[in-house]
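Okay, so here's the structure we're looking at.
Number of protein chains: 2
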Amino acid sequence: MKRIYIYDSILRDGAQAQGISFSVEDKLKIVKKLDSMGVSYIEAGNPGSNPKDLEFFERVKKLDLKHSKIVAFGSTRRVNVSVEEDANVQSLLRADTPAVAIFGKSWGFQVKEILRTTLEENLNMIRDTVVFFKSKNKEVIFDAEHFFDGYKEDPEYAMKALKAASEGGADCLCLCDTNGGTFPDEIYEITSRVVKEFKEDIGIHCHNDTGMAVANSIMAVKAGAVQVQGTMNGYGERTGNANLTTIIPNLQLKLGYSCILEESISEFTTISRYISEIANVLHDDRAPYVGNYAFAHKAGMHADAVNKNPSAYEHIAPEAVGNTRMFLISEVAGRGALLNFINTFDKTITKDSPYTREILKKVKEMEFKGYQYEGAEGSLELIIRKILGKYKSHFELGEFKVLVSEPPISSANSSAIIKISVDGQEEMTAAEGNGPVNALDNALRKALKRFYPQIKDMKLTDYKVRVLDSDSATAAKVRVLIESTDGKDVWTTIGVSADIIEASWLALVDSIEYKLIRDELGQSE
Amino acid sequence: MKRIYIYDSILRDGAQAQGISFSVEDKLKIVKKLDSMGVSYIEAGNPGSNPKDLEFFERVKKLDLKHSKIVAFGSTRRVNVSVEEDANVQSLLRADTPAVAIFGKSWGFQVKEILRTTLEENLNMIRDTVVFFKSKNKEVIFDAEHFFDGYKEDPEYAMKALKAASEGGADCLCLCDTNGGTFPDEIYEITSRVVKEFKEDIGIHCHNDTGMAVANSIMAVKAGAVQVQGTMNGYGERTGNANLTTIIPNLQLKLGYSCILEESISEFTTISRYISEIANVLHDDRAPYVGNYAFAHKAGMHADAVNKNPSAYEHIAPEAVGNTRMFLISEVAGRGALLNFINTFDKTITKDSPYTREILKKVKEMEFKGYQYEGAEGSLELIIRKILGKYKSHFELGEFKVLVSEPPISSANSSAIIKISVDGQEEMTAAEGNGPVNALDNALRKALKRFYPQIKDMKLTDYKVRVLDSDSATAAKVRVLIESTDGKDVWTTIGVSADIIEASWLALVDSIEYKLIRDELGQSE
Chain A
1 MKRIYIYDSI LRDGAQAQGI SFSVEDKLKI VKKLDSMGVS YIEAGNPGSN PKDLEFFERV
61 KKLDLKHSKI VAFGSTRRVN VSVEEDANVQ SLLRADTPAV AIFGKSWGFQ VKEILRTTLE
121 ENLNMIRDTV VFFKSKNKEV IFDAEHFFDG YKEDPEYAMK ALKAASEGGA DCLCLCDTNG
181 GTFPDEIYEI TSRVVKEFKE DIGIHCHNDT GMAVANSIMA VKAGAVQVQG TMNGYGERTG
241 NANLTTIIPN LQLKLGYSCI LEESISEFTT ISRYISEIAN VLHDDRAPYV GNYAFAHKAG
301 MHADAVNKNP SAYEHIAPEA VGNTRMFLIS EVAGRGALLN FINTFDKTIT KDSPYTREIL
361 KKVKEMEFKG YQYEGAEGSL ELIIRKILGK YKSHFELGEF KVLVSEPPIS SANSSAIIKI
421 SVDGQEEMTA AEGNGPVNAL DNALRKALKR FYPQIKDMKL TDYKVRVLDS DSATAAKVRV
481 LIESTDGKDV WTTIGVSADI IEASWLALVD SIEYKLIRDE LGQSE
Chain B
1 MKRIYIYDSI LRDGAQAQGI SFSVEDKLKI VKKLDSMGVS YIEAGNPGSN PKDLEFFERV
61 KKLDLKHSKI VAFGSTRRVN VSVEEDANVQ SLLRADTPAV AIFGKSWGFQ VKEILRTTLE
121 ENLNMIRDTV VFFKSKNKEV IFDAEHFFDG YKEDPEYAMK ALKAASEGGA DCLCLCDTNG
181 GTFPDEIYEI TSRVVKEFKE DIGIHCHNDT GMAVANSIMA VKAGAVQVQG TMNGYGERTG
241 NANLTTIIPN LQLKLGYSCI LEESISEFTT ISRYISEIAN VLHDDRAPYV GNYAFAHKAG
301 MHADAVNKNP SAYEHIAPEA VGNTRMFLIS EVAGRGALLN FINTFDKTIT KDSPYTREIL
361 KKVKEMEFKG YQYEGAEGSL ELIIRKILGK YKSHFELGEF KVLVSEPPIS SANSSAIIKI
421 SVDGQEEMTA AEGNGPVNAL DNALRKALKR FYPQIKDMKL TDYKVRVLDS DSATAAKVRV
481 LIESTDGKDV WTTIGVSADI IEASWLALVD SIEYKLIRDE LGQSE
């Protein structure tokens with residue numbers, strides 16, 4: 001099996017994405033995760049550009065990494081300055097990493113317009129800088145910035161830039177499509193020529209500005225590149241970098257290359273979500289391989305066919321990347337998809353059962369109001385149980401009042417009063433919280449505790465708000481999704497209302513009812 | 001300029017995406033938009049699968065379309081049923097469209113496992129169905145489902161399926177990578193052979209399961225395909241269909257094909273956002289060409305270089321697709337990017353001014369608390385004005401109280417009391433609303449009206465909520481973004497707090513202060 005060296009730049013190029021900002025702790029967590037996956041290189045920052053990076057380089061040295069080399073990233077020396085006198089080169093050295101990535105220009109236009117120096121001096125800058133780091137016993141990767149744009153304008157100068165790095169002793173020459181404007185056939189042709197003319201390892205670094213960063217990386221590998229640079233989840237400036245969560249399964253599962261550890265591929269979806277969490281970015285539901293909906297079937301016909309044979313509409317088994325198949329419930333879905341869901345907890349219902357028709361009707365009615373049960377299967381199960389006559393409510397709401405005060409009248413700024421009844425017994429209580437939803441949640445749990453002590457095992461693990469018709473501004477309808485767990489199960493419930501408090505309340509009530517019903521049935525699957 | 005026929009399937013394949021559901025009105029709006037762009041074909045639904053589609057086909061006939069043909073989509077006749085007796089074929093005919101797309105199997109495995117018939121009968125099903133629709137004077141596109149998977153298993157049978165459609169008189173043979181698992185070089189090679197062996201127009205239909213649908217479509221065009229099927233914004237089942245918002249600029253602006261009207265390309269970003277709005281799906285900020293951040297520069301060095309010459313880090317001019325360049329403000333950004341922003345309303349401040357340093361420090365401090373000024377430039381401008389000494393506050397909050405009641409005590413379920421003061425004059429008032437934020441917004445406007453009558457021109461046009469640390473559940477920090485307009489300007493402001501009411505309040509206050517300051521300065525740029 002041919003080896004491909006995966007080079008992740010989430011901590012450097014990824015951090016240049018809109019909305020992403022990593023703390024030192026975040027960076028260390030990501031390093032540990034990438035190392036445990038068997039990523040070969042982790043580009044961890046530009047020590048010259050950011051003081052936070054220096055602290056990180058100090059701390060990362062103390063980690064005991066098994067598979068990954070940490071790479072510090074920086075530019076060639078400046079124009080007409082010796083490497084010894086160049087502050088950025090020196091801070092790159094102080095990062096004290098086993099490998100460095102040095103980027104330099106390979107496009108005459110950039111040399112003249114941006115660096116404002118001669119073509120010859122640029123080649124000296126590349127050569128000198130590589131020589132310097134090789135003399136310090138570093139592994140040196142030369143990133144030829146704008147290589148493909150440069151090559152298309154003046155192939156010989158672009159090749160000279162690589163030659164300068166090669167003469168300096170670089171270990172790897174990485175071809176960068178910095179502006180992301182190159183097409184797959186061009187990438188293949190140009191990379192093929194470079195592979196033929198240089199003995200060094202060749203790398204590829206693509207951006208997604210024409211939506212082809214993944215394909216471009218794959219075509220470079222087919223042309224002989226052995227190092228693939230990109231970022232997990234594709235984070236990066238503008239439209240992002242080549243997405244390693246797509247490239248790695250493409251190479252390893254479909255083309256038979258070895259990129260990362262076998263066992264990491266089979267939990268790839270979890271790893272990708274973990275990184276979304278640390279980056280604090282919504283996980284891309286439609287991402288190939290690792291998206292929540294990568295194996296979700298909606299059209300009735302497709303769902304039916306996948307039931308007959310999964311490879312009918314799946315290019316790969318979801319389990320291979322630790323993902324799961326999903327049948328979405330919606331008006332386009334036939335009864336088949338809904339039935340799959342019903343049968344997960346009641347196997348006696350058939351496709352032609354009048355229950356199935358009634359449930360479908362109810363689901364469509366709720367969707368019209370803004371509900372969406374894709375991803376809120378807890379609430380869907382409750383609807384189905386109601387129609388099947390297998391639902392009893394565990395408490396009734398009398399009333400609640402929530403008061404928000406500015407300035408706060410107690411330690412928290414919100415307080416809630418709630419009155420509920422359980423089998424005719426009333427309970428009235430109050431609680432405070434950070435914000436009205438939190439206060440209401442606290443009051444409801446407090447009121448229910450004496451009737452259902454088991455709800456103390458239950459906690460809310462996620463709370464999401466989506467504004468549905470955001471052009472109605474503060475009077476808009478909102479959809480609230482609440483994820484809960486009792487340590488065994490995880491379930492998600494939904495509420496929709498023009499009032500965020502009511503929407504949250506509906507989702508909270510479903511969440512608690514779900515837990516109580518499941519406990520009674522002794523089910524924990 | 002060689003013509004490529006764009007075939008959009010957002011109303012059919014797009015509607016199979018998770019979270020998408022179009023009303024008949026939505027569909028008609030999309031048809032009008034696609035027609036005005038010069039899209040050649042609009043695949044508008046499967047009349048056999050959904051009653052809503054029948055109403056749509058009735059109404060779409062009455063539109064006076066200039067550029068697009070409406071296409072009804074359906075399968076070949078069923079096994080061992082004549083076309084005349086096949087209910088789906090008949091409802092396809094009743095849709096009364098100028099063109100039909102007929103999908104049929106071209107992969108032996110699918111014929112045997114899913115259709116459960118003979119290879120020969122499948123060919124008859126294809127031929128018979130095409131013959132039938134040609135006899136009704138329809139333009140017929142044959143969609144060869146799973147063509148590439150079929151070809152890789154048994155090239156001759158896949159070619160026979162195309163041949164059956166060709167013999168039936170099909171106008172176009174469309175090669176579908178239904179499971180999205182094919183690679184660009186395979187697409188190129190296989191499409192080239194088909195183009196050589198058939199005289200009919202060849203189409204391509206890709207899915208994004210390996211992240212290469214755009215590249216695959218482009219490679220098929222390079223191999224001679226002239227019809228490209230996909231969906232605007234890439235909506236579609238699982239990971240989505242080939243994204244036409246990427247493919248069209250790639251073909252028309254970079255490869256010189258003619259796909260849609262010239263003037264539509266230059267407003268392509270607006271069109272793409274319009275479709276996100278109708279689909280009620282968050283616009284993909286990172287989408288090539290049309291994403292909010294497709295031309296956003298964050299790294300200080302990149303922003304500086306783009307100032308010198310845009311093509312340094314842009315593969316195309318943002319104006320070509322109606323998008324705009326953006327400099328993101330953040331800790332990775334150098335002072336250069338921030339300065340660009342400051343200079344948009346105060347040209348006297350230089351990069352080395354102590355103000356610039358102080359503003360950068362303040363921005364970083366706020367980002368640490370969860371603020372993010374990318375996309376909230378209204379609030380950023382207020383911060384800068386405060387530091388420059390060009391800010392005066394127009395009102396002071398005394399206090400507010402918001403009460404939410406269930407069951408409601410009046411027509412709305414929330415009421416707010418607010419006390420403010422303007423130059424020492426106090427005003428206390430109350431208002432109700434749908435939910436606490438709406439009640440507070442109403443009360444604040446009511447209180448301010450007598451001091452600042454111009455705020456009646458102002459309205460909130462968007463309200464977004466993002467939960468920042470969603471694993472703290474209902475006690476999580478939230479970020480609220482409010483977009484406002486007074487008919488001339490549009491501005492966005494931000495508030496962050498663990499309490500959604502307070503976060504909304506902070507964003508509301510900024511929004512109103514922004515309006516009042518702008519009015520005083522007589523600025524409306």
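Sequence lines, in order, name chains A and B.
Following UniProt numbering, the numbering of the first sequence begins with 1 at its first residue and continues without gaps.
Following UniProt numbering, the numbering of the second sequence begins with 1 at its first residue and continues without gaps.
All residues carry an ideal CB built from backbone N, CA and C; glycine is no exception.
As the structure is a computational prediction, the values presented were derived from the model and not from experiment.
Query	Result
Beta carbon proximity, F198/A to chain B, threshold 8 angstroms	no
Any C-beta of chain B under 8 angstroms from that of K513/A	The question names Lys, but residue 513/A in the sequence shown is Glu. Chain B contact via Cβ: absent.
Where E237/B sits in the DSSP three-state scheme	coil
Chain A contact for R286/B (CB, 8 angstroms cutoff)	yes
7 angstroms CB neighbourhood of P96/B in its chain, flanking five on each side removed	Contrary to the premise, residue 96/B reads as Asp rather than Pro in this sequence. F57 and K61.
Contact check, I500/A vs I494/B, beta carbons under 8 angstroms	no
Residue range of the alpha helix (DSSP H) that includes G495/B	Looking at the DSSP string, G495/B is not in any alpha helix (DSSP H); the run it does join, the beta strand (DSSP E), is V490 to S497.
Beta-carbon contacts of A421/A that lie in its chain and below 8 angstroms, excluding the five residues immediately before and after	The residue asked about is misnamed: residue 421/A is Ser in this sequence, not Ala. If we look at S421/A and ignore the five residues flanking it on each side, its Cβ neighbours are F395, E396, G398 and E427.
Cα-Cα separation, E525/B to A443/B	At E525/B the pLDDT is 38, less than 50, meaning the model places this residue with poor confidence and gives no usable figure here.
Reduced DSSP secondary structure (H/G/I, E/B, other) of E520/A	helix
Local Cβ density within 10 Å of D368/A, reported as buried at 16 or more and exposed below that	The displayed chain sequence assigns Phe, not Asp, to residue 368/A. F368/A should be labelled exposed.
Assigned secondary structure, T350/A (DSSP; H/G/I helix, E/B strand, else coil)	coil
Closer than 9 angstroms at the beta carbon, the chain A residues around S405/B	E399, F400, K401 and V402
Under 8 angstroms between C-beta atoms of G38/A and R12/A	no
Continuous beta strand (DSSP E) assignments of at least 3 residues falling wholly in the stretch 186-253 of chain B	201-206 and 227-230
Whole-angstrom distance between I20/B and E277/B, CA atom to CA atom	11 angstroms
Chain B residues whose Cβ lies nearer than 7 angstroms to that of R238/A	Y293, A294, F295 and A296
Neighbour flag for residue 527/A against chain B, beta carbons, 8 angstroms	Within the shown structure, residues of chain A are numbered from 1 to 525, placing residue 527/A beyond reach of any answer.
Chain-ordered chain B contacts of K222/A [CB-CB under 8 angstroms]	D185
Whole runs of the beta strand (DSSP E) within the stretch 340-410 of chain A, excluding any shorter than 3 residues	396-406
Outcome for Q523/A when other beta-carbon atoms lying within 10 angstroms are tallied against a minimum of 16	Unreliable placement is indicated for Q523/A, whose pLDDT of 49 sits below 50; the coordinate value is still reported in the next sentence. By the 10 Å Cβ count, Q523/A comes out exposed.
Short Cβ contact (8 angstroms threshold) for K308/A with E113/B	yes
Under 7 angstroms by beta carbon: chain B residues contacting Q110/A	A312
Within chain A, partners of S137/B - CB distance below 9 angstroms	Reading off the sequence, residue 137/B comes out as Asn, not Ser. Within chain A, no residue comes near N137/B; the closest Cβ sits about 28 angstroms away, beyond 9 angstroms.
Contact list for the stretch 17-32 of chain B against chain A, Cβ threshold 7 angstroms	Q18, G19 and S21
With 16 other Cβ atoms within 10 Å as the buried cut-off, status of E381/A	buried
Chain-ordered chain A contacts of V214/B [CB-CB under 7 angstroms]	G211 and M212
Alpha-carbon spacing of Y313/A relative to L508/A, whole angstroms	36 angstroms
Under the three-state DSSP convention, the category S264/B falls into	helix
Simplified DSSP state of I20/B, which is helix, strand or coil	coil
Neighbourhood of L123/A by C-beta distance below 7 angstroms, restricted to the same chain and skipping five residues each side	K160, A161 and A164
C-beta contact flag for T129/A and R77/A at 8 angstroms	yes
Below-8 angstroms beta-carbon distance, I500/A vs any chain B residue	yes
CB of V402/B within 8 angstroms of CB of P436/B, strictly	yes
Unbroken alpha helix (DSSP H) run spanning V89/A, endpoints	A87 to R94
Meets three-Cβ-pair contact criterion under 8 angstroms: the stretch 163-179 of chain A and the stretch 129-147 of chain A	yes
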